[in-house]
Structure formats: C-alpha cells, structure tokens
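Q: Below: one structure in structure tokens.
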Amino acid sequence: MAAWNCSSDMTICLSDSLLQLVPTCIIIFSSLAFISAECGRQDRSRHFNQFSSEVVIQGESLDDEEIEETASTRLIKPRRTFSLALLRCLGAFSQIGLYSYLAIRKLEEQNQPTPGIPPPGGDAFEYSMTSRDANEEWPLWLPVMHGIVWVYASILSVVSLLHPRLSFPYRLTTHLDIIYLATAGAGLAHFMVYNFGRPLGLWTLDDQISGLSGLVSVCMLVITLATKPLVPPQSEKISRGVISPETRSSIYAVIAFTWLQPMVIKSYTGKLQETDVWAMDKALRVKTVFQEYLENRESTVFVTMFYLFRLRLSLQYIWALAWAGLGMVPPFVVFKLVSFVQDLSTYNRNEAIFYVAVLLASIVARAAVLQHGLHIGQRIGTKAKGMASGLIYEKLSLRKDMDPADYEISGKSHDK
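Per my numbering, the sequence shown starts with residue 344, numbered consecutively.
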C-alpha cells in the first residue's frame, strides 16, 4: 500500500493526498458557480401571489397580466422538503462527527511520547490498528479539510431546512448533490485503490472513517435522487389539464418512470376520464415543433430534422453505448465467480460478495438504460410526427388557396 505520510522530498505526500484533494477542488468550483448563479438571479423579476409563494409554471412563459390572473388564487408550494432537509442536516453533522473523531485520535497519537503505548482511556486494540503502520496513516490536515467541507455543507443544509423556498427552484439542492457526489466518488476510489479485497480486520482507522463517510454520502445522494425536490403538479385543473410531472421529476423518477405511477394506479382501480389525463407538454405540441422546424429549415426535410434532433440522437446513442457496455458486465462477473469457486484461496470473501452485488446492479441498470433510451426515441418520433403534420397541413393550405383550377371552377360556377 502506498504511503499516506509525507516523505522527505514531499513527492509521496503530494501524489497520495491528491485523491483527497480532488473532491475539495470540485466543491470549491461548485461553490463559486453556485454563488455567481445566486447573485445573477437577484436582478430577475419575481412574481408572488397572496400566499407569498413564488409563482413557477413549468414550460410556460407568462406576461404580467397572465401572471396576475393565474397567481391570485393559485398556491404553488414545494412538498416533501422538510424531511429531506432534515436528513441533509443529520448527514452533514454525522460527517462532521466522524472526521472530528479522526482528528482527535491523530492529535492523541501525536501527543503520545512513547510509540506502542495506547493513550489513557483508549482501547488497546483500536490503537494498535491505527498505529501499527505509520506509512498507512493520513496526515492531520486531511480530516481537518474534510471537516471544514462538511461544516460548509451543514450550513447549507440548515439554510435549506429553515428557508425551503430558497432551495426551489434555485441551485442549493444541486450544489449539495455535487458535494455528496464528489465525496462519495472519492470514498469509492479510495476503497477500490487501497482496500478492495482487503479484510475488514486489516483496515486502519483512516480507512474505516473514509468508508463510513463514503457510505453516508452515497445514502444521502440516493435519497436526494429518489425524491422530488421541485414543485410537484398542482391538484387543481387548468384550461389544458394538469401539467405532466415528467419535466419536474427527479433523476431517479425520470429513469425509473415512477412519475407514471399515479396514472397507472388510477387506471387500474377505475376508468380514466378526460380530465385525468395530463396536458401535453408544450414542447410536444404541433404548433411548437412546427414553428421550430420553420425557424431552422434546411434544404431537405431529412437534413432539417437531423439538425433539430442532433442532441437527442447523440444522447440516445450514449444510452445505447451504456446498454451495450452493461451487457458485458454479467459474463465478466460470472467468470470471476467461477474462478473464485475453483480456487478459494485466490480471492477474498468480501470480493466475491462485491461481484454478486455488481451482477445484480448491472442487470437492473441495463434494463433501466434500455427503457430510457427507447423513451427518448419515442419523444423524437412524436416531435417528428408533429413536424410532418404541420408540413402536410401547409401543403394542403397552399393547394387550396393557390391552385388556378380552383379559381377557374369558381369563376365558371359564378357565371352560371
């Protein structure tokens, strides 16, 4: 295992601590982007209704008069925000506790005059685990740095708990997600590089704290992605029906199609009425897609549609590559499991359990990726049909209004 302490020429310290510095740099740049975005939003006009809730209507661009008519009696308020904000606070405080404990233990080790003797009141076995190999220990500034990051995250979590309206639709929750993702990625990388296949009994205190911190970050990230922090669909009906919740769902809901569950349950228990069907998204209406086609018309219909759908086609291609790549995971994992069964001394038991978990996760992820790629293709097909309908209607209108034969016939019938 590579050393965590600094050598005389400082090369080992810089190379081995770089893994822990990467998430901190990501968080710093994310903080700068978050602050600049919040400062830029101060100059934007905001509209509030009589309930002191900011009016946000997905996919609609309303002028001041429409805002006044719609916002006077419409209450738009985020839901499911208190429990999620409370979990964020608990997660941040638990991270602070972990790294504070690690920093205190390192201070005790530095103040210990005789190596090999546990501090007063300390556990001898735990002390032997943390001091048996000085080359595997973190320097003191690493847990202090992590603690400062989580103090910052705890402040943001408290702000989102006390002022939930600041988190919606602003970027506070996204900024916290980046912190969770960066720390979880660093913990996973540390595990794969230094502790993969290593028995838990041989982990140092640094490894244990890093693993627990990464596990907490992963749990917070999964909980955040599995919830819907944005403004949910309103219960009241508007002139064109209830707005579809697809565009306001979380990443997990979009991939797993959980936003369809209310309609599926309602159709299973009874018959769907016209008022139960969600209003079509503005981006999928014939008027919108045909106007987009006219603004970007090229030499041929194929070239125009390819230009308009280039980004979604590229995204669908990426999902297709992910689906093909995930298809190679099960054979590789099965090969590893067969090798483990043939020679039990080759692999550690924890590594075999890891391969089984990866096999199950790859099967589930491959199915979700396939369905999401097909859904993107269906949306592209819907827009293409809308453009084709607009083109057909345009051709029919031109033939009806400009065909000379129509004028001759009408003239003859008028003379008669």
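We treat Cβ as the ideally placed atom computed from N, Cα and C, and that holds for glycine.
Note that the structure is a prediction, hence the values are computed from the model and not measured.
(1) With burial defined as no fewer than 16 other Cβ atoms inside 10 Å of the residue's Cβ, what is the status of Thr612: buried or exposed?
(2) What whole-angstrom Cβ distance do Pro486 and Tyr442 have, given they're in contact under 8 Å?
(3) Name the DSSP bridge partner or partners of Ala529?
(4) Per the contact definition of three or more C-beta pairs closer than 8 Å, is the segment 516 to 527 in contact with the segment 547 to 567?
(5) What are the start and end residues of the alpha helix (DSSP H) that includes Ser682?
(6) What did DSSP end up calling Lys738 once you bin it into helix, strand or coil?
(7) Could you tell me whether the segment 658 to 674 touches the segment 635 to 642, where touching means 3 or more Cβ pairs closer than 8 Å?
(8) Within the continuous alpha helix (DSSP H) that includes Ser610, where are the two ends?
(9) Candidates Glu694, Leu499, Gly490, Gln659: which alpha carbon is nearest Gly720's?
(10) Should Trp484 be labelled buried (16 or more other beta-carbon atoms within 10 Å of its own) or exposed?
(11) What number of angstroms, rounded off, separates the C-alpha of Ala622 from the C-alpha of Ser587?
(12) Could you name the residues of the same chain whose beta carbon sits closer than 8 Å to that of Ser556, not counting the 5 residues immediately before and after it, in chain order?
(13) Pull up the distance between the alpha-carbon of Arg303 and that of Leu429, whole angstroms please.
(14) Kindly give me the distance between the Cβ atoms of Val699 and Val672, rounded to whole angstroms, as I take these residues to be in contact under 8 Å.
(15) Applying the 10 Å Cβ sphere with the 16-neighbour rule, what's the burial state of Val677?
(16) Leaving out the 5 sequence neighbours to the left and right, which residues in its chain are closer than 7 Å to Phe633 when beta-carbon positions are compared?
(17) On the three-state DSSP scale, how would you describe Leu445?
(18) Between the Cα of Tyr736 and the Cα atoms of Glu635, Tyr444, Ala599, Lys630, which residue gives the shortest distance?
(19) Check each candidate in Leu504, Leu433, His533 and name the one with the smallest Cα separation from Trp493.
(20) Residue range of the alpha helix (DSSP H) that Val646 falls in?
(21) For Ser553, is the classification buried or exposed, using 16 other Cβ atoms within 10 angstroms of its Cβ as the cut-off for buried?
(22) Look up Thr516 in the DSSP assignment and say whether it is helix, strand or coil.
(23) To the nearest angstrom, how far is it from the Cα of Val561 to the Cα of Thr647?
(24) Note down the Cα distance separating Ser471 from Arg709, rounded to an integer number of angstroms.
(25) Is it buried or exposed, Lys614, if we count other Cβ atoms within 10 angstroms and call 16 or more buried?
(26) Quick one: give me the first and last residue of the alpha helix (DSSP H) that Ser553 is part of.
(27) Under the rule that 16 or more other beta-carbon atoms within 10 Å means buried, what is Thr618, buried or exposed?
(28) For Ala596, which residues from the same chain have a beta carbon less than 6 Å from its beta carbon, with the 5 sequence-adjacent residues on both sides left out?
(29) Check each candidate in Arg448, Pro674, Ala599 and name the one with the smallest Cα separation from Gln714.
(30) For Asp686, is the classification buried or exposed, using 16 other Cβ atoms within 10 angstroms of its Cβ as the cut-off for buried?
(31) Using 7 Å as the threshold, is the C-beta distance between Ser497 and Phe436 below it?
(32) When DSSP labels each residue in this structure, what does Ser592 get in the three-state scheme?
(33) Does DSSP put Phe436 in a helix, in a strand, or in coil?
(34) For Tyr444, count neighbouring C-beta atoms within 10 Å of its own C-beta (all shown protein chains included) and say buried if the count is 16 or more, exposed if not.
(35) According to DSSP, is Phe425 part of a helix, a strand, or is it coil?
(36) Provide the residue span of the alpha helix (DSSP H) that contains Pro482, from first to last.
A: For this structure:
(1) exposed
(2) 4 Å
(3) Bridge partners of Ala529: none, in fact.
(4) yes
(5) 672 to 685
(6) helix
(7) no
(8) 604 to 612
(9) Gln659
(10) exposed
(11) 6 Å
(12) Gln438, Leu441, Tyr442, His489, Thr526, Gly530
(13) The structure shown does not extend to residue 303, since the chain spans only 344 to 759, so no value can be given for it.
(14) Contact flag wrong, Cβ pair sits at about 12 Å.
(15) exposed
(16) Gly729, Met730, Gly733
(17) helix
(18) Lys630
(19) Leu433
(20) 644 to 651
(21) buried
(22) helix
(23) 43 Å
(24) Note that Ser471 scores 45 on pLDDT, short of 50, meaning its location in the model is unreliable; the coordinates nonetheless yield the value given after this. Going from the Cα of Ser471 to the Cα of Arg709 covers about 44 Å.
(25) exposed
(26) 548 to 568
(27) exposed
(28) Trp602
(29) Ala599
(30) exposed
(31) yes
(32) coil
(33) helix
(34) exposed
(35) helix
(36) Looking at the DSSP string, Pro482 is not in any alpha helix (DSSP H), and its letter there is neither H nor E.
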